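A.B. asks: Mind looking over this structure? Questions follow.
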Amino acid sequence: MEVKTSLLDNMIGVGDMVLLEPLTEDSFLENLKKRFDHNEIYTYIGSVVISLNPYRSLPIYTPDKVEEYRNRNFYELSPHIYALADEAYRSLRDQDKDQCILITGESGAGKTEASKLVMSYVAAVCGKGQEVNKVKEQLLQSNPVLEAFGNAKTVRNDNSSRFGKYMDIEFDFKGDPLGGVISNYLLEKSRVVKQPRGERNFHIFYQLLSGASDDTLKKLKLERDFSKYNYLSLDSATVSGLDDAANFRTVRNAMQIVGFMEDEMQSVLELVAAVLKLGNIEFKPESRCNGMDESRIKDKNDLKEMCELLGTEQSVLERAFSYRTVEAKMEKVSTTLNVAQAYYARDALAKNLYSRLFSWLVTRINGSIKAQAKTRHKVMGVLDIYGFEIFEEGDNSFEQFIINYCNEKLQQIFIELTLREEQEEYIREGIEWTNIEYFNNAVICDLIENNQNGILAMLDEECLRPGTVTDETFLDKLNTICADHQHFESRLSKNSKFLNDHSLPHNCFRIQHYAGKVLYRVEGFVDKNNDLLYRDLSQAMYKANHSLIKQLFPEGNPVKVNLKRPPTAGFQFKASVGTLMSNLQTKNPNYIRCIKPNDKKASHIFNESLVCHQARYLGLMENVRVRRAGYAFRQAYEPCLERYKMLCKNTWPHWKGPARQGVEVLMTNLQVPAEEYSYGRSKIFIRNPRTLFFLEEKRKQCLEDLATLIQKIYRGWKCRSHFLLLKKSQIVVASWYRRYAQQKKYQKIKHSTTVVQSYTRGWQARKLLRELKYQKKCEEAVTTIAAFWHGTQVRREYRKFFRANAGKKIYNFTIQRIMQKYFLGLKSKLPSMSPIDKTWPARPYSFLDGVHAELRRIFHLWRCKKYRSQFTEEKKAVYEEKLEASELFKDKKALYPSSVRQPFKGDYLEISKNPKYQKLSSAVDEKILLADVVNKINRANGKGSPRLFLLTKKNVVLADQKTGQLKANVPLTDLASVSTSTQTDGFFALKLKEGSASAIKGDFLLSSDHLIEMITKLHRISSMAADREKLNIDILDEFLVQFKQDKVCVKFIQGSPKNGNSVSCKRKNNRLLEVSVPASS
């Protein structure tokens, strides 16, 4: 029988804040703290999930938990993020409703982890299959890439998302994922050039410097030391718990899984390196003859390296940092930039370069993960976006302003969709809808986004206005237009109303948001909204030869010069938010409100003031009041009757009619006032939480009474069962005892009888024994006398023969004992089983010389046979090659002794495993017996060029080391001989037969570190082939080599000590190459 569970079972505090009684801010916080102290980090507000960051791992995300919440009712189990994810997924799959999951909260509250948990749950419960698994893996692996480029360490969070992300996951009709689309909002690009104290730049910079190989850093012209780069803060360069090197490898792997090509990844890293180099460019002032100041670059090395990375001309970029060209109609005016303007241009280029790279990454990921099928898709959106931000001491700037504007829009749509959902459920259930009073923040949204007199519109108007534009003029404009707005405050507007507010500085304004009052400092509003990048820099970037940089700066194309001012940052963000709101309006919303319990990133600490602050700006109390404005609790008739049927005799233990009638009978019997509940078509609606708690209290008391009854019946049954068992045991014990007593009596009688019988039989046996002993003694006496008599007769006859042969027998016996002792001694002193062991025990006697030598020879042959039997076929082949090398080179070439200990490996390059030589490996059809790098000696200057030397059973192949391109393919039948010197060098010449096809370009003069092995294998292959002649090996200190039409003499000489220990080859004239070999020690 399936056990029915409920959210109300074993509840710590209140699992759903809608049921909290009484509802105050203090009781709200107390309930959150109580649940947090018991590791219950999730709490509901109706269908909204509140998530507290535990700052530690909890065992509540296991595969068992996934199965526990799979296909379960939302309120059936204790609050969990899996319950919301399952509800959203089943609504999408079964009811064909597009879903969106909105995750909000401030930095460090756990928004990114919550989005990962939602995606991992959906990936775990949806279908399986190779293609489905590939799509799921790509969707999940897009997170590490975006986190590396869009997340950073802040004072609040070690992995803070510095951008907003909205992902649409697309599903087919079965609920299997097909792909996804990611949208990003407002990357905090100002972090690229400057970070607050205690914070870091984006993760990718530190991951690249920590995790990239030395070769990669060399190519990118970077060093590992963070202090070398001005854009990287040093006070928080390393973060405990973050392994940047391991994370870099994770990011590289994730990019490969998502679908990035190797050249694309290299291009991305080059742009990241260029940003670091850009930060190191510094300027110095320089006065011109007309009295104006201009800027010059101090050290051009970083500029040069950056230009090499981007493939642009150094002079073009240097000019773009020193001059600015302004175009108006058909006129162009070029002005010089002072040092401050040059630094502004540098930082603007760095911010634009990084932000456009990030946007390109999002677009590239979308190209890989988007759904391929063109049929209609079901969509689940996951919105991970910054929460409401209020910094202390009035440090709120343009970024906080537009973030809070986005949260105002999200709050607006949250209230609208929540009320709409409530109203739709009331209408669906036939319950009368009553208007709910709530604060509508549309007036605040209008203050910000109104096209005529909204703050964003006025900011854009101020940015586009000719003349002197400053942040102060913008504030003056706000004071003029918004002074009478009830949600806008400034020092001037306050003073106009004869109010003295010293908490409001002159350069600030305050907005009454739904979450509270926020003080904004206007400094930087105009510049950040303009976000200008000089056209000279755009055009310089477009001229670069880099494969990616042209795509990032299309406006730099001189053919498509657009004199129209680019849209401002505020305008772009407003349009993006509008698109997002329209998208969310078409989907069924699901909300996760993330809260961080403390600022110390520590577990088990609950800071009530901090949590209260977040609860206020998340509007959680407002949310609870909206949910409780109508009916606080609703439940389907079947589970309601199943839970409370024991409270009424008419419904207990089984109700046989419809569930609604059973609930009606139950509520009537309990005398619950009719105004406290209403009956819907499929649910009962309870208005006040007190009514629900009354039912729960009655159920608890009833369960206690039932438990007491069950205990009473069980104890009676247990005592009766125990008595009957004792009674049965007593009968069994008594019967066994009587049986035992009779057995003991029988055994005693039997033992006595046996004793009497044994004594009688013993007396009879002893009597018979005495008679037999006497008879035997008589027989033994007769036999002994006869034996002595016969012995005496034999000794008399034998004595005369014994004395004649005694000496010979003694000698043979002595020799036999000596041989026996010799063999036993030899057995214990045998030498080891190594064939090279020359030891042998000394002989004890000289007459054993022949035997001693023969045994030594036989033992050595047997030992060698045993040693050979251990060889594999490969090892035999190696020793055969070593033996052949000995025959060819021993006492002939000075290099041979040093090669004896070196094993013949053959394939030194691992051609088949190395992807660099995959094309070359496929071009060679035969098995490669030897692969190594040799130097091909140039006749013109005696210098060597590296080549790949491949040897097969039929051919010698030479290829380019870098590209793997085939340079020469010489059949072994075309080889006439191989020449080498007697010294320690590695030079050898492959001489080709005259008239052969391969002899057109002449012989090959090569140098190798494995000369002995190469020539041995060549000679062995030619010896084993029956269809070709045996290859000649010439070992001479002077031999001729045919280079095309000319013959050149190669002469080997002993080098002087001043030449060092290296072999050198020099051209003496057109007919002589002289190889200087160091004298062997």
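Everything in the sequence shown is counted per the numbering used here, starting at 78 for the first residue and increasing by one. Built from N, CA and C at the ideal position, the CB exists for glycine as well. Since the model is a prediction, treat every value here as computed from it, not as a measurement.
1. Do the stretch 354-363 and the stretch 421-434 make contact, defined as three or more Cβ pairs closer than 8 angstroms?
2. Would you kindly work out how many angstroms separate the C-alpha atoms of residue 670 and residue 119, rounded to a whole number?
3. On the three-pair Cβ rule with 8 angstroms, is the stretch 1111-1120 touching the stretch 1039-1058?
4. State the DSSP-derived secondary structure class of residue 1096, mapped to helix, strand or coil.
5. What would DSSP say about residue 564, mapped onto helix, strand or coil?
6. Assess contact between the stretch 475-482 and the stretch 170-178, defined as three or more Cβ pairs (one per stretch) separated by less than 8 angstroms. Is contact present?
7. Measuring alpha carbon to alpha carbon, tell me which of 931, 313, 546 and 303 ends up nearest residue 274.
8. Give the list of continuous beta strand (DSSP E) stretches no shorter than 3 residues that lie fully inside the stretch 505-542.
9. Just mark residue 790 as buried or exposed, buried being the case when its beta carbon has 16 or more other beta carbons within 10 Å.
10. Just to confirm before moving on: does the CB-CB distance between residue 600 and residue 548 stay below 7 angstroms?
11. Which of helix, strand or coil does DSSP assign to residue 966?
12. Please state whether DSSP places residue 119 in a helix, a strand or coil.
13. DSSP state of residue 1141, grouped into three classes?
14. Using only alpha-carbon positions, find the residue among 378, 1004 and 363 that is nearest to residue 371.
15. My understanding is that residue 199 touches residue 156, with C-beta atoms under 8 angstroms, so please give their C-beta distance in whole angstroms.
16. Is the beta carbon of residue 1110 closer than 7 angstroms to that of residue 965?
17. Can you tell me which of 918, 662, 624 and 744 puts its alpha carbon nearest to the alpha carbon of residue 723?
18. Give the secondary structure of residue 625 by DSSP, where H, G and I count as helix, E and B as strand, and everything else as coil.
19. For residue 165, which of helix, strand or coil comes out of DSSP?
20. Determine, using beta carbons only, whether residue 1021 and residue 1144 come nearer to each other than 7 angstroms.
21. In the stretch 951-1006, which residue ranges form an unbroken alpha helix (DSSP H) of at least 4 residues, counting only runs that do not cross its ends?
22. Within this structure, are the beta carbons of residue 332 and residue 222 separated by less than 7 angstroms?
23. Closer than 8 angstroms is the cut-off here; do at least three beta carbon pairs connect the stretch 93-100 with the stretch 110-124?
24. Just to confirm my understanding: we take residue 1026, look at its own chain, exclude 5 residues before and 5 after, and list those with CB closer than 8 angstroms. What are they?
25. Ends of the beta strand (DSSP E) at residue 671?
26. What residue ranges within the stretch 992-1077 form continuous beta strand (DSSP E) runs of no fewer than 3 residues, ordered along the chain?
27. Could you name the residues of the same chain whose beta carbon sits closer than 7 angstroms to that of residue 214, not counting the 5 residues immediately before and after it, in chain order?
28. Please report how far the alpha carbon of residue 168 lies from the alpha carbon of residue 245, in whole angstroms.
29. Does DSSP put residue 494 in a helix, in a strand, or in coil?
30. Near residue 609, what residues of its chain come up, given a Cβ to Cβ distance below 7 angstroms and the 5 sequence neighbours on each side ignored?
31. Does residue 251 come out as helix, strand or coil in the three-state DSSP assignment?
32. Tell me which same chain residues have a C-beta within less than 8 angstroms of the C-beta of residue 606, skipping the five on either side of it?
33. Could you give the C-beta distance for residue 1142 and residue 1014, rounded to a whole number, given that I count them as a contact under 8 angstroms?
34. Which residues in the same chain as residue 986 place their Cβ atom closer than 6 angstroms to its Cβ, once the five residues preceding and following it in sequence are excluded?
35. Excluding sequence positions up to five away, which residues of its chain have a Cβ less than 8 angstroms from the Cβ of residue 581?
36. Take residue 129 and list the residues in its own chain whose beta-carbon comes closer than 6 angstroms to its own, dropping the five residues that flank it on each side.
C.D. replies: Once the coordinates are examined:
1. Yes, they touch.
2. Here the C-alpha atom of residue 670 lies approximately 10 angstroms from the C-alpha atom of residue 119.
3. At 8 angstroms Cβ cutoff, the stretches touch.
4. Residue 1096 falls in the helix class under three-state DSSP.
5. DSSP places residue 564 outside both helix and strand once states are collapsed to three, so it counts as coil.
6. In the pairwise beta carbon analysis, the stretch 475-482 is classified as not touching the stretch 170-178: fewer than three pairs are separated by under 8 angstroms.
7. From the listed residues 931, 313, 546 and 303, the smallest Cα separation to residue 274 is found for 313.
8. DSSP runs (the beta strand (DSSP E)) wholly in the stretch 505-542: none.
9. Counting the other Cβ atoms within 10 Å of the Cβ of residue 790 gives fewer than 16, which makes it exposed.
10. Cβ distance < 7 angstroms, so residue 600 and residue 548 count as in contact.
11. Residue 966: helix per DSSP, three-state reduction.
12. Residue state, collapsed to three classes: strand.
13. Reduced to three states, the DSSP call for residue 1141 is strand.
14. Nearest of 378, 1004 and 363 to residue 371, Cα basis: 363.
15. With a beta-carbon spacing of about 19 angstroms, residue 199 and residue 156 fall beyond the 8 angstroms limit used to define contacts.
16. Cβ atoms of residue 965 and residue 1110: closer than 7 angstroms.
17. Out of 918, 662, 624 and 744, the CA that lies nearest to the CA of residue 723 is found in 744.
18. Residue 625: coil per DSSP, three-state reduction.
19. Looking at residue 165 - three-state DSSP - the assignment turns out to be helix.
20. No, Cβ-Cβ distance for residue 1021 and residue 1144 is not below 7 angstroms.
21. Fully enclosed alpha helix (DSSP H) runs of 4 or longer: 973-976 and 995-1000.
22. Yes, the pair counts as a contact, with Cβ atoms nearer than the cut-off.
23. Enough Cβ pairs lie closer than 8 angstroms, so yes.
24. Its chain contains 1007, 1008, 1009, 1010, 1011, 1033, 1034, 1035, 1083, 1085 and 1091 as the residues whose beta carbon lies nearer than 8 angstroms to that of residue 1026, once the 5 sequence neighbours on both sides are disregarded; these appear in chain order.
25. In this chain, the beta strand (DSSP E) harbouring residue 671 covers 665-672.
26. Complete beta strand (DSSP E) runs here, min 3: 1007-1014, 1021-1028, 1032-1037, 1043-1048, 1052-1057 and 1064-1069.
27. Here the set comprises 334.
28. Distance between the alpha carbons of residue 168 and residue 245 is about 16 angstroms.
29. Helix.
30. Counting only Cβ-Cβ distances below 7 angstroms, and skipping sequence neighbours, we find 425.
31. It is coil, neither helix nor strand.
32. Same-chain partners within the cutoff: 475, 536, 537, 540, 645, 646 and 647.
33. Residue 1142 to residue 1014, Cβ: 6 angstroms. Contact.
34. Excluding sequence neighbours, residue 986 sits near 1008.
35. So the qualifying residues of the chain are 566, 567, 568, 571, 587 and 596.
36. Excluding positions up to five away in sequence, the list reads 113, 118, 672 and 674.
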